[in-house]
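Read through the structure below, which is laid out as structure tokens, and then see the notes.
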Amino acid sequence: MKDAINPGRDPIERQMIISEAIWELLKEKVGLTDEDLVKKVREIDLRDGVLDGRVKPEPPIACPKCGKKMKKGSSTCIYCGSNIPANVFSR
Ligand SMILES: [Zn+2]
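In this text, residue positions in the sequence shown follow the numbering used here: the first is 9, and each later residue adds one.
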């Protein structure tokens, strides 16, 4: 089971398979529809104001404890050691 979600030779294809699996489970178990998915994809794409199939990268966030800029994708501040839950979808 663990090997099924580890990156293979083609990480994009692996992500496609994982997305497809998640979506099929949501349709089967929760009853969402393809229309729901299309609507949500459009909503996320438009968060940066442009419907272009991309999401604008976000600027680094400030550490809530010391105020210094956090390294992107890091959950630990390199200046004060504060731990913050990382946004797994940050770009
Ligand atoms: Zn800090």
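Even glycine gets a Cβ: it sits at the ideal position worked out from N, Cα and C. Computed from a predicted model, the values in this text were never measured in an experiment.
According to the Cβ coordinates, are R99 and V46 closer than 8 Å? no
Using only alpha-carbon positions, find the residue among P72, V96, F97 that is nearest to G89. P72
Go ahead and pull the three-state DSSP assignment for A29. helix
Using the Cα positions of T41 and K35, report the straight-line distance between them to the nearest angstrom. Spanning the two alpha carbons is a distance of roughly 6 Å.
Pick helix, strand or coil for K48, following the three-state DSSP scheme. helix
Taking 7 Å as the line, does the beta carbon of K76 fall inside it for any heavy atom of ligand 1? In this structure, ligand 1 has a non-hydrogen atom nearer than 7 Å to the beta-carbon of K76.
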